[in-house]
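Single-structure report; data block below.
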Ligand SMILES: [Zn+2]
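Here it is, written out as C-alpha cells:
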C-alpha cells in the first residue's frame with residue numbers, strides 16, 4: 307500500500323527536480339541494463355565462477371575478461387547498517403534520514419545497498435534486488451527477506467517504483483481492448499484519476515459506457531494526428547498527469563509489395579510515430595516540471611510499442627517500421643526526461659489477441675494480460691517490458707544474434 | 005631476504021602551514037608555502053633540494069611533475085604518492101631508499117590540499133571508480149557512511165561502547181587546546197561527545213573529521229648531511245606498508261598492519277611498550293582503535309579494555325595524537341596523512357605545536373588511507389627515534 311500523498315500547497319514553489327548521482331563507469335552500467343528489465347544480476351567469471359562486485363573489467367580471482375551478467379539469488383545477510391543524517395548530495399539532502407546496509411550476498415560479494423526501514427538490525431537475513439533509481443541508474447536495494455519486491459511499504463523507497471496507486475493517469479486510447487483493459491487494471495490498482503483519450507469524440511466507442519461508469523474515469527477528446535487538439539488537451543490536463551500511457555496506434559498488416567502506395571503506412575506513422583512526438587511536445591514539459599513534486603510527482607511515461615520494433619516482421623512490415631521509429635524517438639524522450647527523474651517505460655508486446663493479428667497463430671497476448679503486466683511493470687519500476695512468451699522469445703533470439711533473427715523472420719513470412 | 009635497514013637516514017624540519025577551514029587558494033599555493041617553510045626552517049637554498057615527494061588530492065589537473073615548473077625546481081628524483089592517509093609514511097619509505105641509494109641528496113616530502121566550498125563533495129563523487137559506481141550513489145554520505153558500517157560492526161563484534169571512542173576524542177581535544185594551529189580547540193568533555201548530533205549512525209559529530217585546507221612537510225637526507233647542515237634530526241628504526249590486505253574479510257576488521265607488524269618491531273629492535281607516544285591515523289576513532297590493536301599495543305579484539313585502562317592525553321601513560329590529531333586539527337586532505345609524522349618529528353625534536361611529551365625519545369606513527377569501495381586499502385607505520 308502506497309501512502310496517499312499529501313496535497314501540495316499550490317502557493318508553494320514547485321521544487322526543481324533533482325536526481326541521485328548519475329555518473330557510472332561503462333562496465334557498471336551493466337547493472338542498469340539488467341535492472342531495466344527487472345533482473346538482479348552481477349558479473350560471474352566464466353572461467354572460475356567467482357561472482358564479483360563492484361563491477362570490474364577482469365575477474366579479481368583469475369583475471370579472466372569473460373564476466374557475463376548472471377542472475378543472483380537475492381539472498382543475503384545484513385552485516386552492518388547506518389542511517390545517514392547528513393549527505394553531500396542535494397537529492398539525498400531532501401530525503402534524510404536515509405538508511406543503508408552492508409550486505410553479504412549468498413554468492414559471496416559484499417554490497418552497499420539502500421536498506422528498507424523494516425529490515426531488522428544486523429545480523430539479519432535480507433533480500434537484495436536491483437532497481438532503477440530516480441536517475442534511471444541501477445542500484446541495489448535490501449528488503450526484509452520475506453517481502454522481496456514490495457517497495458511501497460517504505461515511503462523513502464517509493465521512488466524506485468512508479469506505482470499508479472493514488473496517481474493521475476492518462477490512457478491515450480480508450481477505444482481499443484488494450485486501452486479498456488488498462489483502464490480497468492489502473493482503477494483496480496487504485497489510480498485516483500484516469501483520463502481516457504477518444505480520437506473521435508462524436509461517436510461512442512464500443513465499451514465506452516462501461517469505462518465511464520468507473521468513478522475515476524473522464525473521457526477526453528484526443529486525436530494524436532491533430533496537433534492543435536493534442537496541445538489543447540496537454541494545456542488542460544498536462545500539469546496534472548503523473549503517468550502517461552500511450553497505447554494509441556494504427557495497425558495494418560502489410561509489407562511493401564502488398565501495400566499499394568504509401569497512404570496506409572503514412573497513417574501508421576502519423577499516429578505511431580508523429581503522434582508520440584506530438585504527445586511528448588504537449589505533455590513533456592509540464593511533466594518534467596513536476597518530476598520532484600514530492601509524493602505527488604509526475605513519475606512515468608509508458609509507450610506501448612511492439613516486439614516488431616526490434617526487428618522487422620515482414621508480413622507487418624510498415625507497422626514494424628513505425629514502431630521502430632517510435633522506439634527510437636522514445637529513447638530521445640527518455641534522455642530528455644532523465645534529469646526530471648521521470649521513467650520512460652517501453653513495452654514490447656508480441657502479437658496481441660485483436661483483429662489485426664487474426665491471421666497469426668497462437669500464442670497471442672490477451673489485452674488483460676498486457677494491461678496487468680504494464681501495471682506490474684510500473685510497480686516494479688522496470689524500464690523495458692516484454693510481456694508474453696512470444697515477446698520474450700523474440701528478445702532472447704534478438705539478443706543472441708539480430709542477424710540470425712532477421713533471416714528467420716524473412717523465412718517465417720514466406721510460410722505465413 | 006630480510007629488509008635492508010633504514011640506518012643512516014635522517015628526518016628533519018617538520019613544518020605545518022597553518023590550516024584553514026576554507027581556502028580560495030589552490031593546492032599549488034599550499035604546497036609552495038610548505039616548501040618555503042622547509043627552506044626557512046633549515047636555511048637551505050631551493051637548489052639544494054634535489055628530490056621531491058608529493059601527496060595531494062586537489063592538485064588536478066597537475067601531478068608532482070607540473071609542480072616542478074610551478075616551484076622552479078630541477079630535480080633528479082620525483083615521486084607522487086596518491087595514498088591519502090598512508091602517504092606520510094609511504095613518502096618517507098620512498099625518500100629514505102632514494103637517499104640511501106644515492107639517487108637524491110635531500111628530498112622534500114610535502115602533502116598539501118586546498119578546500120574550496122565545493123571541493124569535498126567533488127572529491128567524493130569522483131574519488132575512485134568503485135566509489136562512483138557503488139558507494140556515492142547510495143546516499144552520498146562519503147566516508148561517514150563507510151566508517152559508520154565499520155564502526156557499527158566493531159561495536160557489536162567487540163563490545164566497544166561510544167564512551168570508549170569518546171574517551172579517545174576527548175583526550176585528543178585536550179591535546180589540541182594547547183596547539184594554536186588546531187581549528188577545533190573548544191574544550192570537549194564526554195557529555196558533549198555523547199550528546200552531539202548524529203551524522204551517520206552510530207557516528208556523531210565528534211567522531212568525524214572536519215575537512216579543511218593545509219599543508220605539512222619534512223625533509224629526508226642522510227644523517228651525515230643533516231649533521232653537516234647542523235640540523236637536528238630523527239632516525240627511522242623501521243617502516244612498513246601494505247595495500248589491500250585481507251580482501252576476503254566481509255567487513256574491515258583489520259588493516260595491513262597485522263601482516264607486517266612483527267617485522268616492523270623486529271626491524272626497529274624495540275616494542276610497543278618502548279614507545280613514548282603513538283600518532284595514529286584518526287579520521288574516525290574506530291580506525292585509531294584498529295591501529296592500537298594491530299600494531300600490538302594490546303591484543304586483537306581488546307581495544308575497548310585497553311582504552312578503559314589507559315590515559316591518552318600528552319601527560320597520560322599512553323600519549324596519543326599529541327597535537328590533537330585530525331579530529332581537532334582538521335583534515336587537510338592528503339596532509340592528514342602527514343600530520344602524525346610531522347607531529348612525531350616535532351615531539352622527538354622537542355618543538356611540538358602543543359604540549360611536549362616529557363622525555364620522548366621513541367615514537368610510533370601509523371597511516372591509513374583510501375576508502376576505494378568499502379574499506380581503506382593502504383596501511384603503513386613507522387617507528388622513529390631521536391638521533
Ligand atoms: Zn575468474
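Protein chains in written order, with this note's numbering: chain A, 307 to 722; chain B, 5 to 391. Quick reminder that beta carbons are idealized off the backbone N, C-alpha and C, glycines included.
Check your understanding: Where does residue 205/B fall in DSSP's three states?
Key -> coil
Exercise for review: Please determine, among 345/B, 41/B, 69/B, 148/B, the residue with the shortest C-alpha to C-alpha distance to residue 289/B.
Suggested key: The shortest C-alpha separation from residue 289/B is found at 148/B.
**Study point:** Paired residues, beta bridge with residue 245/B - DSSP
**Key:** 384/B
Exercise for review: Report the partner residues of residue 508/A according to the DSSP bridge assignment.
Suggested key: None; residue 508/A has no bridge partner.
Check your understanding: How would you label residue 370/B, buried or exposed, when you count the other beta carbons within 10 angstroms and need 16 or more for buried?
Key -> So residue 370/B ends up on the buried side.
Review point. In three-state terms, what does DSSP make of residue 280/A?
Key: Missing from the structure shown is residue 280/A; chain A here goes from 307 to 722 and no further.
Practice item. Please name the residue, chosen from 100/B, 346/B, 281/B, 197/B, that lies closest to residue 81/B on a Cα-to-Cα basis. Key: 100/B
Practice item. For residue 356/A, verify whether its CB is less than 7 Å away from any heavy atom of ligand 1. Key: yes
Practice item. If I'm right that residue 14/B touches residue 227/B with Cβ under 8 Å, what's the distance once you round it to whole angstroms? Key: Rounded, the Cβ-Cβ distance is 4 Å, consistent with contact.
Review point. Given that a residue counts as buried once 16 or more other Cβ atoms are within 10 Å of its Cβ, and exposed if not, what is residue 183/B?
Key: By the 10 Å Cβ count, residue 183/B comes out buried.
Practice item. Return yes when the C-beta of residue 367/A is under 7 Å from any heavy atom of ligand 1, and no when it is not. Key: Between ligand 1 and residue 367/A, a heavy atom-to-CB distance of less than 7 Å is present.
Point to revise | Cβ pair residue 206/B, residue 286/B closer than 8 Å | key: no
Practice item. Name the one or two DSSP bridge partners that residue 691/A has. Key: Bridge partners of residue 691/A: 653/A.
Review point. Does the beta carbon of residue 422/A come closer than 8 Å to any beta carbon on chain B?
Key: no
Point to revise | residue 452/A - containing beta strand (DSSP E), residue span | key: Taken as a continuous stretch (DSSP letters only), residue 452/A belongs to no beta strand (DSSP E), as it is neither H nor E.
Point to revise | Selection of the region 391-411 of chain A by Cβ proximity to chain B, strictly under 7 Å | key: 391, 392, 393, 394, 395, 398, 404, 406, 408, 410
Review point. Among 557/A, 575/A, 509/A, 540/A, which residue has its Cα nearest to the Cα of residue 591/A?
Key: Ranking the options by Cα distance to residue 591/A, first place goes to 540/A.
Practice item. Specify the secondary structure class of residue 322/A as computed by DSSP and reduced to three states. Key: In the three-state reduction of the DSSP assignment, residue 322/A falls in the coil class.
Check your understanding: Since residue 427/A and residue 387/A are thought to touch, with beta carbons under 8 Å apart, how far apart are those beta carbons, to the nearest angstrom?
Key -> 6 Å
**Study point:** Nearest-angstrom Cα separation, counted from residue 326/A out to residue 233/B
**Key:** 56 Å
Check your understanding: If we count the other Cβ atoms within 10 Å of its Cβ and call it buried at 16 or more, is residue 342/A buried or exposed?
Key -> Under this definition residue 342/A is a buried residue.
**Study point:** residue 173/B Cβ short of 7 Å to ligand 1 heavy atom set
**Key:** Result no, Cβ not under 7 Å from ligand 1.
Exercise for review: Starting from the C-beta of residue 345/B, find all residues in its chain whose C-beta is less than 6 Å away, skip the five residues before and the five after it, and write them out in chain order.
Suggested key: If we look at residue 345/B and ignore the five residues flanking it on each side, its Cβ neighbours are 92, 369.
Exercise for review: To the nearest angstrom, report how far apart residue 382/B and residue 328/A are at their CA atoms.
Suggested key: In a straight line, the C-alpha of residue 382/B is about 28 Å away from that of residue 328/A.
Review point. What distance in whole Å lies between the Cβ atoms of residue 334/A and residue 360/A, which are believed to be in contact at a cut-off of 8 Å?
Key: The beta-carbon separation of residue 360/A and residue 334/A, rounded to 7 Å, stays under the 8 Å limit for a contact.
Practice item. Look at the alpha carbon of residue 533/A and the alpha carbon of residue 660/A, and state the distance between them as a whole number of angstroms. Key: Taking the CA atoms as reference points, residue 533/A sits about 28 Å from residue 660/A.
Review point. Is it the case that the CB of residue 59/B approaches a heavy atom of ligand 1 more closely than 7 Å?
Key: Not under cutoff, so the answer is no.
Practice item. Measure the CB-CB distance between residue 487/A and residue 616/A and report whether it falls below 8 Å. Key: no
Exercise for review: Leaving out five residues on either side along the sequence, give the residues of the same chain with a beta carbon under 8 Å from the beta carbon of residue 36/B.
Suggested key: Result list for residue 36/B: 74, 75, in chain order.
Point to revise | residue 437/A (DSSP reduced to helix, strand or coil) | key: strand
Check your understanding: Can you name, in chain order, every residue of its own chain whose Cβ lies under 6 Å from the Cβ of residue 430/A, other than the five neighbours on each side?
Key -> 384
Review point. Of all the options 258/B, 375/B, 127/B, which has the alpha carbon lying nearest to the alpha carbon of residue 305/B?
Key: 258/B
Check your understanding: Name the DSSP bridge partner or partners of residue 551/A?
Key -> 477/A, 608/A
Point to revise | Under 9 Å (Cβ pairs) to chain B, residues found in the region 432-447 of chain A | key: 439, 441, 443, 445, 446
Review point. Under 9 Å Cβ-Cβ, which residues of chain A neighbour residue 125/B?
Key: Contacts between residue 125/B and chain A, judged by CB atoms closer than 9 Å, involve 394, 395 in chain order.
Exercise for review: Can you tell me which of the three DSSP states residue 225/B falls into?
Suggested key: Three-state DSSP puts residue 225/B in a strand.
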